[in-house]
Every structure is written in structure tokens, then in C-alpha cells.
Ligand code: XBP
Ligand code: MG
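Numbering (my numbering), first residue to last: 1368 to 1616.
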């Protein structure tokens, strides 16, 4: 069965963005005069919660606050996250985050083979726009047939919803596409939607259990599109073909 689309996760997969996210969160906290600063160790743990707003809410839950202070902080989350997103997109738009090694070559090879490109990400559309235009140029967004992201689904990764939304947008059954991910949450989301998945971990996710992935590569560099397709949908065994032919009346 031929592969008709590659569905890419964004953060940690297309680009190693999480350090920039972490810095933007911390600067937004500083500008709001909140005494919060997420260390790399804090943030690696907090990344278990997908979605920036959900991540902040989870952090507040852990502070053990009661009453009006907790209510005030919870009501602050949307503006705090919007401020973080403004800081993050400005940094990315200025070229602060490059694509990971091998990503652009894989995009090019897929397109040359008439394979469509799509995105299934927890992050916001604004973040994706900034990254794709900064790294792939003004037409970067146009290269993706479907961009499924952020609050378009109620249940974020590891729920499969965002991958199901991307497949629906592509009009494809999961067997016709491959997911490219970096994290355990992303892998569970992709496989929950029935997708064959390749994972390429990074500093933030290398300690996670990615053993369920059909393919693991430390880097996408050198991973050829035709090799990936052959791994994801190997040709039927010759014996099987011969059997099918002979079985015909
Ligand atoms: C990773 C996420 C996002 C980012 C932060 O998304 O979980 O929440 O960490 O971005 P992906 P926001 O599915 O692309 O790996 O603050 O916009 O959520
Ligand atoms: Mg990711």
C-alpha cells in the first residue's frame, strides 16, 4: 500500500524548539512579575503535559495554593500564554530556531515523489506559522496540505485526536500515511490514530519510553523518503504474490 502523506509533529521534530519555548515562558513570567523560573530539569518534567496553557495550569496545581490566589493565577493563564506566544514567535521569526538535520531533505524528497505533507501539533498556529516561514521561506506554510494544531481539538496529545483531524483533512486512511514524532506523548497519539510512526528523540525526550515506535532514528539526516516508505509498507512477500496469482481461478 503506497504512502501518500507524511504527517509531522512540530516541536522537537521539525525543529528543536523547546529551549526557545522554555525561555519564552520564563520571560513571560518575569514580565508578569511572577516568581517562577522553569529550569531545564523542571521543564523536561513539565513537558509531560502537552499544551502551554495546560502546562502552566499543571504547574499552578503543584504550588499547593488555595482560594483567591489560585483563582487569580488560573484566570491569568490565557494572557500569560498569549504573552509567551508573542515572545516565542518573535524569537523564531528572527531565525532563532533552525530545522533539525535531515528535515528539509525529507520534505523535498517527499514532495518530489508527489507525497503530501501535513502537520499534527499541540502548539499554536501562530508558532507554526512563524517557524515554517522563518525556516522554509514565505511559502513555507503552503507546502503543507493540512496543518492540524493547538486548540483545534479538545483532547491534546497523547490523545489521537489531532492525528485523526490531520488524516481527515488529507482524506486518508492511516495506512496511507506515516507520522514523524519526537516524544512518547506524540508517539501514543500517532499510534492511537493507527499510524506507523518514526520517532527522532532529542534532549527533552531521549529518556522517554519510545520502544513502541516502528522506527527510531537519533536524527532524520540521511533517512531517504523511499527507504522510509519501504519500511512502513514493505512490498508483499514474493511467495504471497505467487500464492495469490496461482489461487486465481
Ligand atoms: C509540543 C507541545 C507544545 C509546546 C509549547 O507540541 O506540547 O505545548 O511545548 O507550545 P508538539 P504552546 O505536539 O508540536 O510536540 O505553548 O503553543 O503549547
Ligand atoms: Mg513534539
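Beta carbons are placed, not taken as given, at the ideal position from N, Cα and C, and that holds for glycine.
Report back the beta-carbon spacing between residue i and residue j to the nearest angstrom; my notes put them in contact at under 8 Å.
{"i": "residue 1599", "j": "residue 1370", "result": "6 Å"}
{"i": "residue 1484", "j": "residue 1477", "result": "6 Å"}
{"i": "residue 1417", "j": "residue 1569", "result": "About 15 Å; that fails the 8 Å criterion."}
So does residue i have its beta carbon nearer than 7 Å to some heavy atom of ligand 2?
{"i": "residue 1463", "result": "no"}
{"i": "residue 1586", "result": "no"}
{"i": "residue 1553", "result": "yes"}
{"i": "residue 1549", "result": "yes"}
Which residues bound the beta strand (DSSP E) around residue i?
{"i": "residue 1563", "result": "1563-1566"}
{"i": "residue 1486", "result": "1483-1488"}
{"i": "residue 1375", "result": "1372-1375"}
{"i": "residue 1464", "result": "Segment: none, residue 1464 is in no beta strand (DSSP E) and carries neither H nor E."}
Please determine whether the Cβ atom of residue i lies at a distance below 7 Å from any heavy atom of ligand 1.
{"i": "residue 1393", "result": "no"}
{"i": "residue 1494", "result": "yes"}
{"i": "residue 1378", "result": "yes"}
{"i": "residue 1388", "result": "yes"}
{"i": "residue 1488", "result": "yes"}
For the alpha helix (DSSP H) containing residue i, list its first residue and its last residue.
{"i": "residue 1529", "result": "1528-1537"}
{"i": "residue 1495", "result": "1492-1503"}
Helix or strand or just coil, what does DSSP make of residue i?
{"i": "residue 1459", "result": "helix"}
{"i": "residue 1474", "result": "helix"}
{"i": "residue 1577", "result": "coil"}
{"i": "residue 1387", "result": "helix"}
{"i": "residue 1604", "result": "coil"}
{"i": "residue 1356", "result": "Since the first residue shown for the chain is 1368 and the last is 1616, residue 1356 is missing from the structure and cannot be characterised."}
{"i": "residue 1588", "result": "coil"}
{"i": "residue 1560", "result": "coil"}
{"i": "residue 1593", "result": "helix"}
{"i": "residue 1509", "result": "helix"}
Enumerated in chain order, which unbroken segments of the alpha helix (DSSP H) with a length of 4 residues or greater are wholly contained in the segment 1410-1455?
1419-1428
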